[in-house]
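Protein chains in written order, with numbering that gives the first Met the number 0: chain A, 0 to 146; chain B, 0 to 146.
There are 2 protein chains.
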Amino acid sequence: MQITRYTDYSLRVLIYLAINKQQLTTISDIATSYQISKNHLMKIVQQLNQQSYVLATRGKNGGIKLNRDAKEINVGALVREIEDKSKLIECFGAENKCVITPSCQLKNIFAEAQENFFKTLDAYTLQDLIGEQEEAALTNLLAINLL
Amino acid sequence: MQITRYTDYSLRVLIYLAINKQQLTTISDIATSYQISKNHLMKIVQQLNQQSYVLATRGKNGGIKLNRDAKEINVGALVREIEDKSKLIECFGAENKCVITPSCQLKNIFAEAQENFFKTLDAYTLQDLIGEQEEAALTNLLAINLL
Numbered sequence: 000m001q002i003t004r005y006t007d008y009s010l011r012v013l014i015y016l017a018i019n020k021q022q023l024t025t026i027s028d029i030a031t032s033y034q035i036s037k038n039h040l041m042k043i044v045q046q047l048n049q050q051s052y053v054l055a056t057r058g059k060n061g062g063i064k065l066n067r068d069a070k071e072i073n074v075g076a077l078v079r080e081i082e083d084k085s086k087l088i089e090c091f092g093a094e095n096k097c098v099i100t101p102s103c104q105l106k107n108i109f110a111e112a113q114e115n116f117f118k119t120l121d122a123y124t125l126q127d128l129i130g131e132q133e134e135a136a137l138t139n140l141l142a143i144n145l146l
Numbered sequence: 000m001q002i003t004r005y006t007d008y009s010l011r012v013l014i015y016l017a018i019n020k021q022q023l024t025t026i027s028d029i030a031t032s033y034q035i036s037k038n039h040l041m042k043i044v045q046q047l048n049q050q051s052y053v054l055a056t057r058g059k060n061g062g063i064k065l066n067r068d069a070k071e072i073n074v075g076a077l078v079r080e081i082e083d084k085s086k087l088i089e090c091f092g093a094e095n096k097c098v099i100t101p102s103c104q105l106k107n108i109f110a111e112a113q114e115n116f117f118k119t120l121d122a123y124t125l126q127d128l129i130g131e132q133e134e135a136a137l138t139n140l141l142a143i144n145l146l
């Protein structure tokens with residue numbers, strides 16, 4: 000059972016921006032901090048910008064920052080928006096060729112399980128991913144690769 | 000979000016055997032019915048045999064059948080047993096390189112969501128995947144590619 004890397008990285012970008020909310024950040028800084036590909040992040044930040052989670056400022060002194068308070072970003076809503084729900088198991092997708100699908104209950108039961116997965120995340124905000132007392136520790140951890 | 004094909008096919012094998020519980024079945028018949036690779040199924044049936052979900056009889060008139068009543072096979076227990084729980088998101092795995100993991104709450108929150116996914120499946124048995132009135136329809140659907 001696996002969440003896409005795309006969703007994983009989207010969450011990491013938002014966590015980064017929530018921790019560094021006082022200043023504008025560059026995609027290069029985020030890529031260096033997490034030691035992940037800048038190219039991967041470009042597309043992700045672009046989409047987060049379109050979805051208005053992120054605000055991008057162009058130009059020499061430009062950069063990105065969070066467009067809403069971290070307490071206003073619901074993790075369940077975010078993951079539902081990014082993650083492809085039609086991929087859980089073959090019979091969820093348009094390409095499905097399983098011959099028993101019309102009468103099989105597997106699809107309904109797994110859809111219920113997936114919904115309960117998302118519902119669990121509905122109870123949390125981006126701020127909860129950072130935690131109450133962990134912000135300073137996270138700031139230090141994120142800075143390690145920037146030194 | 001995606002379940003492995005391995006788990007998907009394991010479920011389909013068990014559904015097939017639950018529907019055809021009166022006779023011994025061959026891997027070839029299952030592969031033909033679902034139009035999936037026999038080689039894929041070999042390994043899956045071998046593991047289901049080791050896990051004592053399936054009973055295999057060798058020899059000329061050999062074949063496989065369900066080793067327990069379909070009502071005795073819990074879907075949650077089965078999926079937990081087959082599916083790799085350390086793959087949900089990078090920070091779950093041994094290969095994780097995410098620098099913020101020691102202080103980040105994402106892992107705990109996603110572990111809770113994954114557990115609620117499995118708990119939903121815990122409420123169902125293999126018999127529930129077939130349904131109460133769908134057995135005849137499923138028998139016909141499975142036979143289409145064998146004709």
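For every residue, glycine included, the Cβ atom is placed at its ideal position computed from N, Cα and C. Bear in mind the structure is a predicted one, so any value in this text is a computation, not a measurement.
Distance, residue j Cα to residue i Cα
{"i": "Glu114/A", "j": "Leu105/B", "result": "18 Å"}
{"i": "Glu71/A", "j": "Gln50/A", "result": "14 Å"}
{"i": "Leu140/A", "j": "Ile81/A", "result": "26 Å"}
{"i": "Phe116/A", "j": "Met0/B", "result": "10 Å"}
{"i": "Ile99/A", "j": "Asn144/B", "result": "11 Å"}
{"i": "Gly58/B", "j": "Glu94/A", "result": "37 Å"}
{"i": "Ile14/A", "j": "Val78/A", "result": "14 Å"}
{"i": "Asn38/B", "j": "Gly92/B", "result": "28 Å"}
{"i": "Ala30/A", "j": "Arg67/A", "result": "22 Å"}
{"i": "Pro101/A", "j": "Lys118/B", "result": "25 Å"}
{"i": "Ile132/A", "j": "Leu125/A", "result": "Here residue 132/A is Gln; the residue named in the question, Ile, does not match the sequence. Cα-Cα distance, rounded: 14 Å."}
{"i": "Gln149/A", "j": "Asp127/A", "result": "Nothing about residue 149/A can be read from this structure; chain A reaches only from 0 to 146."}
{"i": "Ile43/A", "j": "Leu16/A", "result": "13 Å"}
{"i": "Ser97/A", "j": "Ala110/A", "result": "The identity of residue 97/A in the sequence shown is Cys, whereas the question assumes Ser. The alpha-carbon atoms of Cys97/A and Ala110/A are separated by roughly 16 Å."}
{"i": "Gln45/B", "j": "Ala112/A", "result": "27 Å"}
{"i": "Ala142/B", "j": "Ala69/B", "result": "20 Å"}
Residues near residue i by beta carbon distance below 6 Å, same chain, minus five either side
{"i": "Tyr123/B", "result": "Val74"}
{"i": "Asp121/B", "result": "Gly75"}
Outcome for residue i when other beta-carbon atoms lying within 10 angstroms are tallied against a minimum of 16
{"i": "Asp7/A", "result": "buried"}
{"i": "Asp28/A", "result": "buried"}
{"i": "Thr25/B", "result": "exposed"}
{"i": "Leu40/B", "result": "buried"}
{"i": "Ser36/B", "result": "exposed"}
{"i": "Leu146/B", "result": "exposed"}
Neighbourhood of residue i by C-beta, 7 Å cutoff - its chain only, sequence neighbours within 5 removed
{"i": "Leu137/B", "result": "Ile18, Ile129"}
{"i": "Glu134/A", "result": "Ile18"}
{"i": "Thr56/B", "result": "Leu23, Gly62"}
{"i": "Arg11/A", "result": "Tyr33"}
CB-CB length for residue i against residue j, believed under 8 Å
{"i": "Ser9/B", "j": "Leu47/B", "result": "6 Å"}
Neighbourhood of residue i by C-beta distance below 8 Å, restricted to the same chain and skipping five residues each side
{"i": "Ala83/A", "result": "Correcting the residue type first, residue 83/A is Asp in the shown sequence and not Ala. For Asp83/A, where only same-chain residues beyond five positions count, the Cβ hits under 8 Å are Thr3."}
{"i": "Tyr52/A", "result": "Leu13, Leu65, Asn66, Arg67, Ile72, Leu77"}
Does the pairing of the region 0-15 of chain B with the region 87-96 of chain A give three or more beta-carbon distances under 8 Å? yes
Touch test, the region 94-112 of chain A against the region 61-68 of chain B, Cβ-Cβ under 8 Å, three pairs minimum: no
Taking any Cβ of chain D, which residues in the region 128-143 of chain A have a Cβ under 8 Å from it, in chain order? The structure shown has no chain D; the protein chains it does contain are A and B.
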